[in-house]
Amino acid sequence: MLARFVAGAAADEFSARLAAQAPTVIAAAGGADQVEASFQTPGGHPSRHPVLIGGEPLDETTRADIAKAVAALPGVGGIRWSDGGMMAVSGEPVFRPLHCQEDVQALLRARTIRFEESSSRMDIGSSALIDEVAAALRPCLGAIIRITGHTDNSGPEPINIELSTERANAVRSALVRRGIPADGLRTAGVGSQRPVEGLDPADPANRRIEFAVIATDPISPTPVDTPAPR
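Going by full-length UniProt numbering, the residue at position 25 of the sequence shown is 25; the numbering climbs one at a time, nothing skipped.
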């Protein structure tokens, strides 16, 4: 329960940060004092998919410029106007790595999710780090996130692959318990096949978990907005 509260608070902070940045880019695009961006769902939950409110007197070119400016903020997903006059239409490939991937990578550069030796049971000290990973992933809800387990090359490779897979699954289960939807998480174990660049394959530092955003939700693409018929 506490972990979900922490993750939810982080999501609130993330959406609040986007909401604080949006007025500056909206004003620069020609929407000062006429358009605001809401980063909340109708139920009041934080969202990275903003609704643009106002701007009815503006021409469609200016509205498109405003939507593109908000879409350029790191972590923003699909955009729509509250009056339905302009919907987010993707003119780019749907997939773009999201800001949450960078946030998770930054966390794991400094610390490591640790496991008991030859086991998929996480060290108790890793619980707080998993809390932070869940909070960092929350802005990417709706994306497909891959969790990959790695080992060093000690021991037979079939056992390494099995162990790395079990560890990736253990991390997935821990994230699900913290409120990250299970259907957005994929796991893989690659054993010792992909050591860290520059490290000896036997180096224990190769024992790690990696995260990657491999696809975004196709119904909420990062948009390049074009006018819809009024």
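The C-beta atom is built at its ideal place from N, Cα and C for all residues, glycine as well.
Given the structure is predicted, the values throughout are model-derived calculations rather than measurements.
Span separating the alpha-carbon of residue i from that of residue j
i, j, result
"Gln105", "Val213", "11 Å"
"Val25", "Val70", "6 Å"
"Pro195", "His150", "8 Å"
"Leu185", "Pro156", "28 Å"
"Ala37", "Pro57", "16 Å"
"Glu117", "Leu18", "41 Å"
"Ser15", "Ala28", "20 Å"
"Ala67", "Thr165", "41 Å"
"Glu162", "Asp59", "58 Å"
"Gly30", "Thr62", "6 Å"
"Ser90", "Pro139", "At Ser90 the pLDDT is 36, less than 50, meaning the model places this residue with poor confidence and gives no usable figure here."
"Ala182", "Ala134", "12 Å"
"Met122", "Asp83", "49 Å"
"Ala72", "Glu197", "32 Å"
"Glu132", "Asn206", "22 Å"
"Pro46", "Ser154", "45 Å"
"Pro158", "Gly44", "48 Å"
"Pro93", "Asn160", "Confidence is the limiting factor: at Pro93 the pLDDT is only 37, short of 50, which leaves the residue's position unreliable, though a coordinate-based value still follows. Going by the C-alpha atoms only, they are around 36 Å apart."
CB of residue i within 9 Å of CB of residue j, strictly
i, j, result
"Ile180", "Leu137", "yes"
"Gln34", "Gly54", "yes"
"Thr187", "Ala168", "yes"
"Val176", "Ile113", "no"
"Thr210", "Ile130", "Residue identity check: residue 210 is Glu in the sequence provided, not Thr. Contact: no."
"Pro204", "Ser192", "no"
"Arg48", "Gly75", "yes"
"Phe115", "Ser126", "yes"
"Ala20", "Pro50", "no"
"Trp81", "Leu52", "yes"
"Ala32", "Cys100", "no"
Status (buried if at least 16 other CB within 10 Å, exposed otherwise) for residue i
i, result
"Asp103", "buried"
"Leu141", "buried"
"Leu199", "exposed"
"Asp65", "buried"
"Glu13", "exposed"
"Asp152", "buried"
"Arg96", "Here the model assigns Arg96 a pLDDT of 42, short of 50, so the residue's position is not dependable, and the following value carries that caveat. With fewer than 16 other Cβ atoms within 10 Å, it is exposed."
"Ile124", "exposed"
"Arg208", "buried"
"Ala88", "Note that Ala88 scores a pLDDT of 40, beneath 50, so its modelled location is shaky; the value from the coordinates is reported in the next line. Label assigned to Ala88: buried."
"Ser119", "exposed"
"Gly189", "buried"
"Arg178", "buried"
"Ile145", "buried"
Practice prompt. Entirely within the stretch 5–75 and at least 4 residues each: give me those alpha helix (DSSP H) ranges in chain order.
Written response: 60–71
Worksheet item: Which ranges would you report for the beta strand (DSSP E) in the UniProt domain "OmpA-like" (102–217) if only whole runs of at least 3 residues count?
Response: 144–150, 185–189 and 208–215
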